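Position 75, counted from 1, in the sequence shown is what our numbering calls 79; the numbers after and before it change by one each time, with no gaps.
C-beta atoms are modelled at their ideal positions from N, C-alpha and C, and glycine is treated no differently.
A quick note: this is a predicted structure, and the numbers were derived from the prediction, not measured.
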Amino acid sequence: MPKRKRGITGDAASRREAIRKRERRVVETEEERSRRLSTMEQRGEDRRAEETEEPSNSRLAVMAQRGQMRRAEETEEQRNSRLAIMAQRGQERRTEGTDEQRNSRLSAMLQHARDVMKDMLLKDKITIRYKLFMQLELF
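Dropping the structure here:
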């Protein structure tokens, strides 16, 4: 017969610890909160700086998967709200930017459009050449 465990174990201990953390956060000052978040941010940066490419890719893949799952579960209303917030932030960022930032952004957009068109034309040329080649092979 297995021994009976004494005290708090597993999930109950985790729950109690989470409750204690929440209670501490309620009474912390803005300065303490700022310091805590800054420390967390620094630890994350240090951890990411030390990780190799493989764990980095794995972490990014997990983040992407979570985002996809979250978006798959959201309602149409939630999606519209999220997109509206994103559009609003983009608009605010653009209005706060300098002319130099605006010109840089437009230049990057133009270069991207040129690259896309170049790729499309290249694919079309390859497709046309392949079709012509196949037609010649049939004769």
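The DSSP-derived three-state label of residue 102 is coil. Cα atoms of residue 52 and residue 46: separation of roughly 10 Å, rounded to the nearest angstrom.
Counting only the Cα atoms, residue 35 lies some 17 Å from residue 25.
Following the DSSP letters along the chain, one finds residue 45 inside the alpha helix (DSSP H) bounded by residues 34-54. Here the alpha carbons of residue 129 and residue 136 stand approximately 10 Å from one another.
The three-state secondary structure of residue 79, taken from DSSP, is coil. Residue 126 and residue 134 have their C-alpha atoms some 12 Å from each other.
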